[in-house]
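Participant:
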Amino acid sequence: MKVYIKFISSIFLKSLLFVFFVMISLVFILNLLSELEFFKNENVGINFTLFLSLLNSPALIFEMFPFIMLITIQLFFIKIYEHKELDIFKYSGLKNSTILKILSILSIITGIFVITLFYSLSSNLKNIYLELKSSYTSDGKYLAVITKNGLWIKDKVNDKIIITNSSYIDKNFLITNYITIFDENFNIIKNIKSAKIDITEKDWKIYNSRIYQTNEYIEKAEIRLKTNFDLNRIQTLYSNLSALNIFELYELRENYKNLKYSITDVDLQLYKLAFYPLYLFLMALFSSVIMLNIKKIKSSTFKIFIGVFFSVIIYYLNNFSYVLGGTERISLIFSITIPLLLLASVNFLMLYKINEK
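The sequence shown begins at 981 in this note's numbering and counts up one residue at a time.
(1) Nearest-angstrom Cα distance between P1038 and V1288?
(2) Apply the 10 Å Cβ neighbour rule to E1015 and answer buried if 16 or more other Cβ atoms are within range, or exposed otherwise.
(3) Could you say which of N1107, K1020 and I985 lies nearest to S1222 if we only look at CA atoms?
(4) Alpha carbon to alpha carbon, how far is S1102 from T1078?
(5) List, from N- to C-terminal side, the alpha helix (DSSP H) runs of 4 residues or more that fit wholly inside the segment 1118-1182.
(6) Would you mind sorting V983 into buried or exposed? The rule is 16 or more other CB atoms within 10 Å of its CB.
(7) Return the chain-ordered list of same chain residues with a C-beta closer than 6 angstroms to the C-beta of I1092, the five sequence neighbours on each side being excluded.
(8) So S989 packs on A1264, CB below 8 angstroms; how close in whole Å?
(9) Got a sec, what are the start and stop residues for the alpha helix (DSSP H) L1258 sits in?
(10) Based on DSSP bridge pairs, tell me the residues matched to R1190.
(11) Less than 8 angstroms separating the beta-carbons of N1327 and F1290?
(12) For Y1407, which residues of its own chain have a beta-carbon under 6 angstroms away from its beta-carbon, when the five flanking residues on both sides are left out?
(13) State whether the segment 992-1011 contacts the segment 1040-1055, with contact taken as three or more CB pairs (one from each stretch) at a distance under 8 angstroms.
(14) Cα-Cα, which of N1235, Y1295, I1169 and K1185 is closest to T1194?
(15) Just the Cα atoms here: how many angstroms apart are S1147 and V1269?
(16) Are there 16 or more other CB atoms within 10 angstroms of the CB of K1283, so buried, or fewer, so exposed?
Printed below as a string of structure tokens:
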């Protein structure tokens, strides 16, 4: 490996690690403050809140990584500007385009590493975080999951435990259902079999049911069952997809399809992960051309401010596009690629005569 490649890679890695640890420290502190506020009325020790803050931090850092990359590249150029190393590169015949090429490759490698290793770690930690914290929420006694065998709901109403299994969802109806109602000691009170349940409200309407109790059954055209779940709540299952790794996302997607459940949110998350290395590459390139175009500005603070300013704009542009895709106003692939195409276009325009900068 050539000496200048090792040199550039070394500065890039040091800058990346510095920005990463600064960001994760800030995120950890903010998480800790949030957890302390959440548990202020609970009898839990400080060690537990510290542990929860630590578990939740990597998932938030993953969302911030494109902007960590942007600031990393800024810090890289600030360092080589301070020691006049860019001028040394030019005297040695090393063009700006060659530096950008090396930084681009490093950003893509970083993106692949983040997706394959860091994301898996952060999603697993996020899952543990949600499981630990759920027992302290008002929803801790409720559970709804989607498996190969359909939708399963565990509910508790008036000291009765209700477990519902449904084959799939059709609009506001659960189709092909079997409900078992237990007492607090999990003794069966009765079973209910029904072809269709209206879940528009938490007071379910169960149609054409057969109720099994004490080895006998009766049939009812319509009965009501009070629950803590309605259509809106069931539709928000797995709203926090950051707690699932890539393999779990694919499994969830297949389960959603079997249940005839919307796979839009899962597909959006998978597309975001697939384009993640490209996103980091474009952010690194964007930061590089910005720094080369404003290198005459001496204030490092102002340069960082410019980076943060553009980070905010890119963040809201991305979120707006993702919302349009998630609500199916535009296609999912379009919602992912629009911000990337805009960023690529800006990079292309600013690359004009980059070797003369």
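Note that the Cβ used here is the ideal one computed from N, Cα and C, for glycine as well. None of the values given here were measured: they were computed from a predicted structure.
Facilitator: Concretely, from the data shown:
(1) 21 angstroms
(2) buried
(3) N1107
(4) 34 angstroms
(5) none
(6) exposed
(7) P1257
(8) Rounded, the Cβ-Cβ distance is 13 angstroms, inconsistent with contact.
(9) Y1256 to N1273
(10) K1173 and E1199
(11) no
(12) Nothing can be reported for residue 1407, as the shown portion of the chain is limited to 981 through 1337.
(13) yes
(14) I1169
(15) 54 angstroms
(16) buried
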